[in-house]
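Protein chains: 2
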Amino acid sequence: MVPKLLLPAVAGQRERTVDVDSEVAMRLRRAGQRYSTGRRGIVHALRALNRPVTIAELIDATPGLAVSSAYRNLAVLEVTGVVHRIVLGADDHARFELAEVLTANHHHHLICTGCGAVDDFTVPARLEKALTDALGAVASATGFAPTDHRLDLVGTCAACTAS
Amino acid sequence: MVPKLLLPAVAGQRERTVDVDSEVAMRLRRAGQRYSTGRRGIVHALRALNRPVTIAELIDATPGLAVSSAYRNLAVLEVTGVVHRIVLGADDHARFELAEVLTANHHHHLICTGCGAVDDFTVPARLEKALTDALGAVASATGFAPTDHRLDLVGTCAACTAS
DNA sequence: ATTTATGCAAATCGTTTGCAAACCT
DNA sequence: AGGTTTGCAAACGATTTGCATAAAT
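First to last, the sequence lines map onto chains A and B. Numbered according to our numbering, the first sequence spans residues 289 to 451. Numbered according to our numbering, the second sequence spans residues 289 to 451.
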């Protein structure tokens, strides 16, 4: 089997942007939900920001988005598999990004303990596979059924190291 | 520049329980803090529970621990490197456990999306090393200075799979 | 004796919810 | 029309803080 092509986190997303909307629409429709203007705004904002953002960041990157709608819609988008919620860093605050099924971009996170910023990175396919295998072994040994794994790097980003 | 070394994988965990108290006392003293009865209670509870617990769990596992003291002391214990805060799962809620420097036990987490339970596991030393190396490479390429990594498995635990 | 930690109750702040209006199909 | 989504403001809850007392050195 040919390993999925490895792309830098930023580039992996570009070629599918065209059909993201219809993919989202489909997923929502399947769940009896509508792809309303507000939801479209959220999805577009997430795509533009292209990194895990907090709800606060999302709200002021999305003109006219009410707080309650942000929460409600992110919840809907989460259960329909459109966005992915990640909870990172000591600064707590959940962050959201488009789900990997939409970006075709399996990645991990760099978490800066200095400023709380979160960025994406990828690891070599070989290691990714070794990880998956090892985790599968752990899982089957314990009766745990994995749906996903998370690999994050915690430390200080270049900017915070400088200061 | 060579990236800072990450923690090596270590298997044994039980042998250091005896001097945990003095180790904690030392770390607190170094920070100008006291190892009070309340803090001792928290550390002992964490050691007894031996898994990442929420503040609520900790409070009712520790008789006479006031809510505010729990928060304040966990904050102190966190910055002094005695406990480690982890934020996992969609159920949010931070969890705390004794820091790895005290348990000599580098491990990862199994997170059940069904019941929110969190458990520990370890991966083979070889994989742990491969991970560390790969992450070091990623880090030095981006100017990120890693202090730690996190590898978690997300899925459904045996109990939740059954139901 | 002086400094630090504790408990309680009040204040905070992110998140959730009730409800009426706007929206979509 | 019939059901869904939205915005506002009120409600909620976990976390934090002020302050007077208790404990530690």
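Glycine residues also receive a C-beta, built at the ideal position from the N, C-alpha and C atoms. Since this is a predicted model, take the numbers as computed values, not measurements.
Asked: Sequence-distant residues of the same chain with beta carbon closer than 6 Å to A/L365, five excluded per side; Found: V371
Asked: In chain order, each beta strand (DSSP E) run of at least 3 residues that lies wholly inside the region 360–440 of chain B; Found: 371–375, 382–386, 396–400, 406–409
Asked: Inter-residue spacing [alpha-carbon to alpha-carbon] between B/R317 and A/G369; Found: 48 Å
Asked: A/F409 and B/A446 closer than 8 Å at C-beta; Found: no
Asked: Under the three-state DSSP convention, the category B/G443 falls into; Found: strand
Asked: Residue-level contact to chain A via CB, B/P412, 8 Å cutoff; Found: yes
Asked: The region 434–448 of chain A in contact with the region 437–444 of chain B per 3-pair CB rule at 8 Å; Found: yes
Asked: Backbone secondary structure at A/A450 - three-state DSSP; Found: helix
Asked: Beta-carbon proximity list for B/L334, same chain, < 8 Å, skipping 5 on both sides; Found: V341, L346, V371, F384, E385, L386
Asked: DSSP beta-bridge partners of B/V341; Found: B/F384
Asked: The region 347–366 of chain B contacting the region 319–330 of chain B, beta-carbon criterion three pairs below 8 Å; Found: yes
Asked: Per-residue DSSP class, three states only, for B/T325; Found: helix
Asked: Members of the region 327–354 of chain A that neighbour chain B once the beta carbon cut-off is set at 7 Å; Found: none
Asked: Other residues of its chain near A/D309: CB distance less than 8 Å, five sequence neighbours each side excluded; Found: Y323, R328, V331
Asked: Chain B contact for A/R438 (CB, 8 Å cutoff); Found: yes
Asked: Backbone CA spacing between B/H460 and B/G352 [nearest angstrom]; Found: Since the first and last residues shown for chain B are 289 and 451, residue 460 of chain B lies out of range.
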